[in-house]
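Here the structure is laid out as structure tokens; the discussion comes afterwards.
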Amino acid sequence: MWERILNKKIYFISLTFFLFLVGISLPAFAFPEYTSRQKALKLAAVLDHGYFKSIKISSVFVKNRGQDDYYLQAILDDGSSRKWLINRIREWTQTDELILSKNRALVFPSAESTDFGVLEKNDFYRTVLNATAFVKTFSKHDILEGKSLVLGVLRFRILQAEDSKFLSTNKLGERYRYVLELENGSLEYFTYSDAFALLQRSAFLEEVPENVSVLRKTFKVIELKKIPLQIEDELREIWRFGIEVVFDGPIKTSPDRFPYQVVELKLKDPETGRQKTQFFLQIIFPNSEKIGEISGFKNHEYLRYVELDTDVEHQKRIILRAMVNPDALNLPPFIEVTDRNSIIVNYYSSTDQSLTQPPDLLASRSVSEMPRSVFTPDQQETEFEKNYLEAVGLIREAQALLNTELRIEIYFKALKALKQAALSAEFDIQIAQALNQRDLLLSKMPKLIIRNVQMSILALYIESNNGKADPEISKKLLKQLIHAERYATTQKQKQKISSLKSILR
Amino acid sequence: MHLSHCKLMMRFSRFLVLSLSFLFLSVGLSLSVNSGHMLDRFELIADKNSPFLSFKGYFDPAQFPHIKITRGNSQTESTVILPNTFINNILLTEREITSFKVDGILEKLTLKEKITKTENGGIDFYVTLTISSKEKHLLVLDPEKSDSRHLTFALQKPKKKVIITGSAEGTQIALTLEAKLEPSVISKREAILLHPVTALMSYRQFDQLNVAVLNASPKLGAAQRLAVMLDRRQKKILEKRMGMKLKIVNISSVREQTILAKTKIYFHANLLKAALILAEVLPGEQVLEPVPLSRNSKLATDIEIYVGKNFE
């Protein structure tokens with residue numbers, strides 16, 4: 402048998418057949434030709450008395466090919482009978498060859514499903530003409546995906562021949578029909594499907610709720626300012642620096658509307674001529690504009706060539722771009738909206754590579770579904786969560802203080818909260834994180850306490866003339882030193898502690 | 046003798062080419078249908094604000110976006126279509142359940158499994174759930190409580206009138222989507238998770254990175270090629286640099302006809318470093334973005350790679 406199969410002719414026929422099979426499997430996700438009985442019945446009712454290529458549709462009825470594959474059969478006013486597959490109906494609606502009666506439009510919002518909707522155009526016009534604001538929700542794969550901005554409406558128009566997008570289509574082949582001019586200067590083009598979806602989403606607001614701020618003009622950038630390097634977290638030795646983007650007015654948008662992305666670019670090295678990979682950290686500012694030339698910086702800590710550019714792909718968007726070394730980028734940037742008409746982009750640097758390395762803990766093994774954070778997925782606050790949030794809050798509070806004495810006091814309170822968190826933990830990940838945090842704090846405390854006691858002794862020596870310390874203060878410092886002694890890791894620390902203890906005694 | 050050897054070799058090579066071709070085809074076809082859901086059992090979780098209807102079994106979180114929820118004939122009825130789903134007939138024998146607590150919200154739950162042959166000769170299988178409640182409700186998928194072993198729906202009290210465009214008789218789609226207008230209220234825990242430094246104290250460190258590779262390029266099999274490259278050629282380098290194991294958990298196509306110009310790497314919070322290492326290893330230019338909050342959930346994947354047009 403193989404003799405026959407493997408002869409030259411049959412071999413090539415088989416190979417061609419295989420390539421053909423691969424070819425026909427390509428449009429596997431094409432729009433379906435048939436639909437369910439229920440949908441076909443509803444679609445037939447919708448198409449009844451409409452127009453097909455300017456001929457009135459007399460009646461439409463449902464036919465089936467198999468048990469679940471339904472299509473339509475239309476009788477036109479000219480007496481002809483046509484078999485209508487669902488994909489063809491979709492195509493004709495897109496090219497206006499199939500028009501519904503009563504100023505309605507048939508829409509197929511999904512490219513894979515035969516789900517359809519009917520846009521009542523008159524309802525749409527009434528809604529959009531009465532709208533004062535438009536809720537723009539960003540689509541999939543946009544950096545602002547799922548987020549919304551409320552923008553002031555200037556004018557609504559039906560696309561005319563002189564409009565640039567007249568008769569042009571979106572990626573699904575649907576024609577743009579309408580344009581909405583917004584007060585910030587941007588234009589929104591809608592297809593029938595867009596109009597249908599926007600009505601469903603209540604995207605046109607006649608009255609805006611009091612707590613919602615409508616963006617009626619763009620934020621215009623005035624200047625960029627450097628924020629110098631400062632310590633952010635002394636426990637992990639994380640440093641913070643920033644760039645402040647100053648605008649012409651208050652920023653009435655929450656910080657999550659200013660996302661970040663990292664873009665990899667292959668650039669030609671001018672010296673060697675070779676392609677070199679470069680990474681750019683970009684912060685996106687929607688509803689923003691760069692009117693004049695804004696000078697950037699060549700260097701700011703690990704950022705290179707910091708500059709502000711206009712986004713060429715999206716309307717009214719600017720990008721704060723900086724070249725970064727990916728090895729230096731351990732933590733993502735953090736955005737703060739200030740009350741002085743500016744946005745601060747905080748960048749973090751750390752030399753501690755273990756920050757992003759997994760600890761050698763059994764608790765971190767992802768053998769089963771485990772939550773990403775120490776918090777349980779349901780929003781109910783557990784006892785552990787209460788204690789852990791308190792501990793984290795205390796640590797952050799301490800880190801913001803300059804007074805070492807106060808810092809140590811708060812760190813002690815945080816240690817207590819961490820102990821409570823560990824005692825109330827319900828999962829390995831929770832107890833592991835609480836103990837990790839405790840150990841990190843304990844390891845840094847001796848150094849901090851030694852420094853504090855040294856400074857306190859010096860201060861006492863300068864302040865008091867007889868050289869004698871207040872017994873209460875001595876007692877307090879001694880207590881701190883005893884704690885430090887228990888967790889001192891080096892011989893040097895131990896020696897220092899014992900000498901400080903003898904001074905205090 | 047020599048000539049017969051040559052002939053034999055030629056035949057063998059042809060046999061090999063043909064076998065590989067058919068093997069590729071069958072693997073390709075099986076890969077296109079091999080993932081889906083299996084419903085084993087369900088439970089109704091009581092909650093003051095919104096009770097949850099939770100199904101247990103085996104689920105493919107990557108397919109959660111394809112679940113369709115529509116309002117039924119009345120405001121107390123919802124229909125859910127779970128594509129690529131089977132019912133475990135041993136564990137879940139009943140198809141109509143009415144034995145719910147008297148003071149509970151649910152009245153009736155019906156399950157319907159359908160297996161049909163598609164136009165292309167493939168098999169299409171799905172389950173339709175019809176949920177009837179005593180009060181008006183809005184059924185929504187709860188991604189936070191859904192993962193590879195659970196599929197949870199929340200029965201929420203309707204907040205806003207459902208806007209149905211067009212005549213009800215002709216309209217198939219009646220989604221209730223509410224545009225979020227008010228500034229989002231950030232809870233204490235969210236504030237901690239959002240700040241990079243406090244997030245360090247709260248996120249679990251991973252020792253295994255679950256990666257999904259999705260094709261968003263016009264080239265057929267691009268996701269597969271990238272996955273093979275990651276899994277075979279680059280795996281050791283990546284694992285060494287990231288300090289964790291790399292596991293490809295899903296390879297599939299993006300259904301919504303999305304073509305991306307550049308390959309996009311979506312990463313969950315705390316995984317920027319891992320995403321950067323992946324980007325360095327992958328050929329071409331990549332864009333890295335945190336997973337949008339609207340899509341963010343307790344999905345089994347840590348990183349999603351959408352293979353773009355630029356992937357050669």
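Same order as they appear, the protein sequences are chains A and B. Residue numbers 402 to 906, in my numbering, belong to the letters of the first sequence in order. Residue numbers 46 to 357, in my numbering, belong to the letters of the second sequence in order. C-beta atoms are modelled at their ideal positions from N, C-alpha and C, and glycine is treated no differently.
Check whether chain B comes within 7 Å of residue i, counting only Cβ atoms and requiring the distance to be less than that.
i, result
"residue 838(A)", "yes"
"residue 911(A)", "Since the first residue shown for chain A is 402 and the last is 906, residue 911(A) is missing from the structure and cannot be characterised."
"residue 903(A)", "no"
"residue 650(A)", "no"
"residue 790(A)", "yes"
"residue 696(A)", "no"
"residue 746(A)", "no"
"residue 633(A)", "yes"
"residue 690(A)", "no"
"residue 732(A)", "yes"
"residue 827(A)", "no"
"residue 461(A)", "no"
"residue 502(A)", "no"
"residue 529(A)", "no"
"residue 720(A)", "no"
"residue 424(A)", "The predicted model places residue 424(A) with a pLDDT of 45, which falls under 50 and marks its position as unreliable, so this point remains unresolved."
"residue 476(A)", "no"
"residue 394(A)", "There is no way to answer for residue 394(A), as the model of chain A reaches only from 402 to 906."
"residue 872(A)", "no"
"residue 776(A)", "yes"
"residue 554(A)", "no"
Is the Cβ of residue i closer than 7 Å to any Cβ of chain A?
i, result
"residue 237(B)", "yes"
"residue 161(B)", "yes"
"residue 292(B)", "no"
"residue 284(B)", "no"
"residue 334(B)", "yes"
How many Å lie between residue i and residue j at the Cα?
i, j, result
"residue 156(B)", "residue 532(A)", "43 Å"
"residue 277(B)", "residue 325(B)", "17 Å"
"residue 356(A)", "residue 722(A)", "Residue 356(A) falls outside the range modelled here, since chain A spans only 402 to 906, and no answer is possible."
"residue 617(A)", "residue 582(A)", "12 Å"
"residue 859(A)", "residue 853(A)", "10 Å"
"residue 622(A)", "residue 744(A)", "10 Å"
"residue 844(A)", "residue 201(B)", "48 Å"
"residue 580(A)", "residue 556(A)", "8 Å"
"residue 737(A)", "residue 154(B)", "48 Å"
"residue 390(B)", "residue 174(B)", "Look at the range of chain B in this structure, 46 to 357, and you will see that residue 390(B) is not part of it."
"residue 356(A)", "residue 536(A)", "Lying before the first or after the last residue shown, residue 356(A) is absent from chain A, which here runs from 402 to 906."
"residue 143(B)", "residue 179(B)", "12 Å"
"residue 566(A)", "residue 493(A)", "20 Å"
"residue 876(A)", "residue 654(A)", "51 Å"
"residue 832(A)", "residue 273(B)", "38 Å"
"residue 604(A)", "residue 538(A)", "8 Å"
"residue 146(B)", "residue 184(B)", "19 Å"
"residue 577(A)", "residue 340(B)", "28 Å"
"residue 293(B)", "residue 186(B)", "25 Å"
Heavy atom of the ligand COA less than 6 Å from the Cβ of residue i, yes or no?
i, result
"residue 340(B)", "Absence of the ligand COA is noted for the structure shown, with no ligands found whatsoever."
Mind listing the chain A neighbours of residue i? Cutoff is C-beta to C-beta under 8 Å, in chain order.
i, result
"residue 98(B)", "Within 8 Å Cβ-Cβ: nothing; residue 98(B) doesn't reach chain A, min ~15 Å."
"residue 303(B)", "541, 542"
"residue 309(B)", "542"
"residue 357(B)", "Here the premise fails: no neighbours, minimum Cβ distance about 12 Å."
Give the residues of chain B in contact with residue i, contact being defined as C-beta atoms less than 8 Å apart.
i, result
"residue 546(A)", "337, 339, 340"
Just to make sure I have the definition right: I need the residues of chain B whose C-beta is within less than 9 Å of the C-beta of residue i. Which are they?
i, result
"residue 749(A)", "241, 242"
What does residue i touch in chain A if you count any residue whose Cβ is under 7 Å from its own?
i, result
"residue 233(B)", "790"
Residues of chain B with CB closer than 7 Å to the CB of residue i, please, in chain order.
i, result
"residue 712(A)", "The contacting residues do not exist; residue 712(A) stays about 13 Å from chain B at best."
"residue 797(A)", "243"
"residue 830(A)", "249"
Quick one: complete alpha helix (DSSP H) runs, 4+ long, within the stretch 657-710 of chain A?
none
Identify every run of the beta strand (DSSP E) within the stretch 493-517 of chain A, keeping only runs that are complete inside it and at least 3 residues long; order them along the chain.
505-508
Residues, ordered as in the chain, of the stretch 662-673 of chain A that lie near chain B by beta-carbon distance below 9 Å
662, 663, 664, 665, 666, 667
With 9 Å as the C-beta to C-beta threshold (strictly closer), list the residues of the stretch 311-332 of chain B near chain A in chain order.
313, 314, 315, 316, 317, 318, 319, 320, 321, 322, 324, 325, 327, 329, 330, 331, 332
Counting only Cβ-Cβ distances shorter than 7 Å, please list the residues of the stretch 235-266 of chain B near chain A, keeping chain order.
237, 238, 240, 241, 242, 243, 245, 246, 247, 248, 249, 250, 251, 252, 253, 265
Using a Cβ-Cβ cut-off of less than 9 Å, list which residues of the stretch 121-135 of chain B approach chain A; keep chain order.
none
Between the stretch 587-614 of chain A and chain B, which residues of the former have CB atoms less than 7 Å from a CB of the latter, in chain order?
597, 600, 601, 602, 603, 604, 610, 612, 613
Residue ranges of each beta strand (DSSP E) within the stretch 93-153 of chain B, 3 or longer:
97-103, 113-116, 122-128, 130-132
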